[in-house]
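Residue 73 in our numbering is what sits at position 26 of the sequence shown, and the numbering runs on without skipping anything.
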Amino acid sequence: MLKGDFPVERFASLRTPFYFYDLPLLRRTLDVVEEQLRANPDFRVHYAVKANYNPRILAEIAARGFGADCVSGGEVEAALAAGFPPEGIVFAGVGKSDAEIRLALEAGISRFNVESAAELEVIDALAGEMGTVAPVSLRINPDIGAHTHAGITTGLAENKFGINYEQLDEVMDLALRLPHVRYCGLHFHIGSQILDMMDFSALCNRINSLVERLQRGGRPVGDINVGGGLGINYQHPNHLPIADFGAYFDTFRRHLRLPRGTVVHFEPGRSIVAPCGSLICRVLYVKQGTHKQFAIIDGSMTELVRPAMYRAYHRVENLTSDEPEEVYDVVGPVCESSDVFVKEFAMDKCRRGDLVAIRSAGAYGEAMASRYNCHPLPEAFFFEG
Ligand code: LLP
């Protein structure tokens with residue numbers, strides 16, 4: 048959305064900072080994903096709920112018939128409440144509690160993505176107590192370093208996620224032996240905000256050799272879940288508002304060598320919801336420091352933690368000024384020096400009361416907001432077009 052298209056006249060009565068969601072953009076994005084799925088009938092999408100669990104956003108995605116990738120009992124409940132069918136829900140995470148496992152078994156979800164032998168045994172015991180059988184996939188740590196922020200790679204041997212190669216045969220034999228779990232397939236996830244398709248083709252190569260190894264050993268393969276990770280363009284939210292789903296799905300279609308008819312699951316989060324969200328904030332003060340000028344806004348790391356936590360870049364736009372650009376450090380009111388959105392950033396001259404949009408904040412924005420410094424949780428505004 049171009050800066051002039053934000054409906055600022057409707058923002059006057061809203062408490063800033065708030066999340067603004069461009070629903071027409073979300074819908075166009077979902078159309079693109081649906082189109083890709085029509086072209087690839089063995090592919091299934093499970094939206095990663097962790098990226099944004101706002102009920103209205105979840106309902107939009109559930110209405111398309113996609114599944115949900117959850118990482119806690121709370122996310123399973125949120126997905127069910129939004130209308131995702133239990134048969135479309137997959138549940139990953141290194142530390143599933145007994146209560147969460149019971150909840151997911153009760154709901155009849157489609158898959159537990161299991162991350163250790165210890166977890167497998169607990170799921171088997173709890174499913175046994177409940178007189179049921181749990182469908183499980185084994186999450187493999189593929190030991191691939193994706194070209195992204197160190198805080199959001201997950202597929203390296205040093206990361207806590209998944210089962211390593213050496214233990215795979217042993218854990219799979221356990222899964223095949225335990226009476227209350229049913230082995231269904233393999234799960235992978237190498238990281239997030241990945242823009243280099245070579246990272247995904249490297250994952251495909253790992254999967255291919257693993258599948259060959261399992262077949263040679265006479266073991267089953269089942270279906271393959273390749274996780275999420277497709278990145279978006281944070282630099283130019285207006286030029287490229289929809290992630291390159293064509294290149295993403297095509298990479299897997301071209302590089303995976305799987306037995307005919309193998310179902311491949313995907314878990315995109317960021318690529319679906321990031322572009323449609325902005326955090327709208329108000330300029331409180333413009334202050335001249337010794338060497339620089341600060342635009343102090345009412346939004347902070349409390350409402351959008353990504354810049355403080357990962358030094359992530361989000362473009363900032365002054366929605367209510369057309370005056371010549373000046374250079375600012377755009378900062379929030381929280382008492383931490385990391386409460387900075389952008390440094391030495393040129394934008395249209397700011398004055399007290401101006402509204403600024405922090406763009407591409409639909410993923411891991413509202414979902415990671417806290418109440419630090421006793422701020423209220425930000426509300427959401429849904430733009431229908
Ligand atoms: N599947 C699994 C198993 C995951 O762990 C994740 C994300 C996804 C799917 C979705 O990945 P996506 O398509 O969104 O890249 N808070 C960080 C991102 C953490 C991602 C954690 N796992 C951020 O703000 O950048």
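Cβ coordinates follow ideal geometry from the N, Cα and C atoms, glycine included. All values reported here derive from a predicted model rather than from experimental measurement.
Residue i versus residue j - alpha carbon distance
i      : j      : result
Arg304 : Gly51  : 47 Å
Leu33  : His234 : The question about residue 33 has no answer here: the residues shown for the chain are numbered 48 through 432.
Phe341 : Phe58  : 24 Å
Gly275 : Ile136 : 15 Å
Tyr357 : Arg300 : 32 Å
Pro132 : Asp246 : 31 Å
Phe113 : Lys396 : 43 Å
Asp291 : Val389 : 26 Å
Glu213 : Ser184 : 17 Å
Val452 : Cys382 : Since the first residue of the chain shown is 48 and the last is 432, residue 452 is not available in this structure.
Val218 : Gly265 : 15 Å
Arg263 : Pro88  : 27 Å
Pro226 : Glu122 : 27 Å
Cys323 : Leu173 : 40 Å
Val320 : Leu73  : 7 Å
Ala359 : Gly278 : 13 Å
Arg229 : Gly269 : 11 Å
Glu82  : His93  : 15 Å
Leu70  : Glu431 : 6 Å
Ala86  : Pro315 : 17 Å
Ile271 : Pro354 : 33 Å
Ser256 : Arg158 : 24 Å
Asn99  : Ala126 : 11 Å
His312 : Asp386 : 37 Å
Arg103 : Glu413 : 13 Å
Val352 : Asn101 : 17 Å
Leu221 : Ile187 : 15 Å
Gly400 : Leu61  : 13 Å
Thr349 : Tyr411 : 12 Å
Glu259 : Lys143 : 30 Å
Cys231 : Asn252 : 21 Å
Arg75  : Ile108 : 12 Å
Own chain partners of residue i with C-beta closer than 7 Å, once the 5 adjacent residues on each side are dropped
i      : result
Val118 : Lys97, Ala139, Gly140
Ile327 : Phe58, Thr63, Pro64, Phe65, Phe67, Leu402, Ala404
Arg406 : Pro284, Ser325, His361, Arg362, Glu364
Gly336 : none
Leu49  : Asn285
Ile170 : Ile148, Phe159, Val161, Ala181, Val183, Val228
Residue(s) in a DSSP beta bridge with residue i
i      : result
Gln340 : Gln335
Ser325 : Phe67
Arg158 : Val137
Phe429 : Tyr68
Tyr375 : Phe392
Ala95  : Asp116
Tyr230 : Val183
Val310 : According to DSSP, which records beta bridges pairwise, Val310 is partnered with nothing at all.
Arg90  : Per the sequence presented here, residue 90 reads as Phe, with Arg not at that position. Paired residues: Val311.
Glu364 : Ala404
Val123 : Answer by DSSP bridge pairing: none, since Val123 is not bridged.
Val330 : Ile344
Val387 : Val378
Ile446 : With the chain represented from 48 up to 432, any question about residue 446 goes unanswered, as that position is not in the structure.
Buried or exposed by the 16-neighbour rule on C-beta atoms within 10 Å, applied to residue i
i      : result
Gly409 : buried
Ala110 : exposed
Asp78  : exposed
Ser239 : buried
Asn211 : exposed
Arg398 : exposed
Gly46  : Any property of residue 46 remains undetermined from this structure, which presents the chain solely from 48 to 432.
Ala435 : Nothing about residue 435 can be reported from this structure: the residues present for the chain run from 48 to 432 only.
Gly346 : buried
Cys421 : exposed
Ser384 : exposed
Pro189 : buried
Thr179 : exposed
Lys339 : exposed
Pro288 : buried
Leu366 : buried
Leu223 : exposed
Close beta carbons around residue i, own chain, < 8 Å, minus the five adjacent residues each side
i      : result
Met244 : Ala294, Tyr295, Thr298
Phe392 : Val363, Val374, Tyr375, Asp376, Val377
Ile343 : Val330, Leu331, Tyr332, Val333, Lys334, Val378, Gly379, Pro380
Lys207 : Val141
Gln282 : Tyr360, Arg362
Glu426 : Leu61, Arg62, Phe65, Tyr66
Asp369 : Asp395
Proximal residues to residue i (C-beta, below 6 Å), its chain only, five neighbours per side dropped
i      : result
Gly175 : His227
Ile156 : Pro133, Ile136, Phe138
Start-end ranges of the beta strand (DSSP E) lying completely within the stretch 262-290, minimum 3 residues: 270-272
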